[in-house]
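Heads up, the thing below is written out as structure tokens.
In the working numbering, the protein residues as written are -10 to 120.
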């Protein structure tokens, strides 16, 4: 089963030279995103100190990766959410609900130390589209 690497134009700076990963991969109808943070198309982190802004950018990045594989947010089966501070759960959750207003995916949310101190939210997703 061949693997397709997904690098949308809006995330062409990923991966950073020192980070060996693909923004997303797809095979046999499954789409996997790497953990996405609030990087813009130029690789700048947006929403410093602003969990809703970072969550919105993270989910926008995920949507772009999914689109490269012909998937939408409706095709997402599972998300793993990593918060730098679990007290930000409600703020993240409100934005998450905007992106998944009906039949949201299965989800796990945990507190974790993220790659850079300014990063507040990281989300990875698994989707399925019929091949």
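The C-beta atom is built at its ideal place from N, Cα and C for all residues, glycine as well.
Item: Continuous alpha helix (DSSP H) stretch holding residue 40: start and end; Value: 40 to 57
Item: C-alpha gap between residue 96 and residue 8, whole angstroms; Value: 25 Å
Item: Sequence ranges, beta strand (DSSP E) only - wholly within the segment 62 to 106, length at least 3; Value: 65 to 72, 95 to 100
Item: With 16 other Cβ atoms within 10 Å as the buried cut-off, status of residue 54; Value: buried
Item: Enclosing beta strand (DSSP E) for residue 31 [first to last residue]; Value: First-last for residue 31: undefined, no H or E at that position.
Item: Residue 13: first and last residue of the uninterrupted beta strand (DSSP E) it sits in; Value: 13 to 16
Item: Same chain only: Cβ atoms within 7 Å of residue -6, ignoring 5 sequence neighbours per side; Value: 11, 14
Item: Beta-carbon gap between residue 59 and residue 118 smaller than 7 Å; Value: yes
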